[in-house]
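Protein chains in written order, with the working numbering: chain A, 1207 to 1378; chain B, 84 to 307.
What follows is the structure in structure tokens.
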């Protein structure tokens, strides 16, 4: 059986995991960009991370027979740090690159005005670049957060038919 | 490996060809009236550079990107930005095109960066004609060893025979590398013998046995 893994953070995994995944049948995956645990303090730190998801990580995956794709975005948690928000200005050049299959993970963490702005701006980027959006739902106040997320997506310019996929993540 | 505009046009479908026409026009426009990008934004043709894989197909992306670089008469700041901001495929197209741009030796830092990578696609692209023309002897020898170490076929090294001929220091490095591999019980790359044979001085090459007589590992170092 051939398996497509639509959501896995390979950056935090070893090459042994790639081997095990291949043995289990995984032939392609999507790695959504997200928070790394340690908050970033500048756009440059994001760019190194994005570049790794477009450079070294696909090479690492290819050595084990797995096609690596990614989704790129300013994640909701770090959207609250004004030092990081210029990432939004650089995303257009990333969203044209081979291997980038969606804008994500976007969504809400604490449901702040800064998160509202980042979510709306990135849904628009997805519409502009003809990409789907990968939406993370908040860990706290999840039901209210989900309703609010759906409202924002309804108001966006993303076409309804190829609309966003909703997903959860184990990262906190 | 890189296709000309004519060859590319013959292979691209109508939509891709139209897309490339527009992209090349934007690049030519930028060459005439250079745009000054902000710290996080890019001129339109540079977005086309990134998107070439999607529109022309991965098999034609190198050629399309290379044509864009030439058409835009890309300067050092531009190739540096496209390399630093590029995926591995975008970086490769920069490396493959350096010798077609009017850069002299100024873009060597990009080649040196690629030679520090362990992504073999970048290493292979870094040892082309530009490296053959501009890498100093020390860096060039290390580039050859890097190919052997990362199993990039030395066929990728431009003008290998020219630059290796009579290079006693390269011969010593190859011999030491073969000794080290043998001592560790590891295989000596087949390509090592190929390169070692090429290091014979030109005048010796005429009189001595052909390269196939190169010694098996561990290679002697004192003969060269």
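Built from N, CA and C at the ideal position, the CB exists for glycine as well.
Original post:
With respect to 7 angstroms, is the separation between the Cβ of residue 231 of chain B and the closest non-hydrogen atom of the ligand FAD below this value?
Top reply: Ligands displayed in this structure: none; no statement on the ligand FAD is therefore possible.
Original post:
Considering only the beta carbon of each residue, do residue 1277 of chain A and residue 1258 of chain A sit closer than 8 angstroms?
Top reply: no
Subject >> Buried or exposed by the 16-neighbour rule on C-beta atoms within 10 Å, applied to residue 1256 of chain A >> reply: buried
Original post:
Would you report the Cα separation of residue 104 of chain B and residue 213 of chain B, rounded to the nearest angstrom?
Top reply: Roughly 27 angstroms between the two C-alpha positions.
Subject >> Option in B/284, B/267, B/253 with minimal Cα separation from residue 275 of chain B >> reply: B/253
Original post:
Just to confirm, are residue 227 of chain B and residue 206 of chain B a CB contact at a threshold of 8 angstroms?
Top reply: no
Subject >> Residues of the stretch 242-263 of chain B with Cβ closer than 9 angstroms to any Cβ of chain A, in chain order >> reply: none
Original post:
Quick one: what's residue 1313 of chain A bridged to in DSSP?
Top reply: A/1342
Original post:
Can a CB atom of chain A be found closer than 8 angstroms to the CB of residue 157 of chain B?
Top reply: no
Original post:
When you compare only the Cα positions, how much space is there between residue 1358 of chain A and residue 1326 of chain A?
Top reply: 7 angstroms
**OP:** Can you tell me the Cβ-Cβ gap for residue 135 of chain B and residue 148 of chain B, rounded? I've got them flagged as a contact below 8 angstroms.
**Re:** Residue 135 of chain B to residue 148 of chain B, Cβ: 5 angstroms. Contact.
Subject >> Identity of the residue in B/200, B/94, B/128, B/92 nearest residue 106 of chain B by Cα >> reply: B/128
**OP:** Taking 8 angstroms as the cut-off, decide whether the C-beta atoms of residue 1363 of chain A and residue 1339 of chain A are in contact.
**Re:** no
Original post:
Can you find at least 3 beta carbon pairs, one from the stretch 1316-1324 of chain A and one from the stretch 1347-1358 of chain A, that sit closer than 8 angstroms?
Top reply: yes
**OP:** Could you name the residues of the same chain whose beta carbon sits closer than 8 angstroms to that of residue 1312 of chain A, not counting the 5 residues immediately before and after it, in chain order?
**Re:** 1279, 1280, 1281, 1282, 1324, 1325, 1328, 1329, 1339, 1340, 1341, 1342
Original post:
Apart from the five residues on each side of it in sequence, which residues of its chain come closer than 8 angstroms, Cβ to Cβ, to residue 1268 of chain A?
Top reply: 1274
Original post:
Can you name the residues that DSSP bridges to residue 1308 of chain A?
Top reply: Answer is A/1277, bridged to residue 1308 of chain A.
Original post:
Is there at least one Cβ from chain C nearer than 8 angstroms to residue 1267 of chain A's Cβ?
Top reply: Within the model displayed, chain C is absent; protein chains A and B are what it includes.
Original post:
Are the C-beta of residue 124 of chain B and some C-beta of chain A separated by less than 8 angstroms?
Top reply: A Cβ of chain A is located within less than 8 angstroms of the beta carbon of residue 124 of chain B.
Original post:
Taking 8 angstroms as the CB-CB limit, is residue 1260 of chain A close to chain B?
Top reply: yes
Original post:
Does residue 1288 of chain A have its Cβ less than 8 angstroms from a Cβ in chain B?
Top reply: Not one chain B Cβ lies under 8 angstroms of residue 1288 of chain A.
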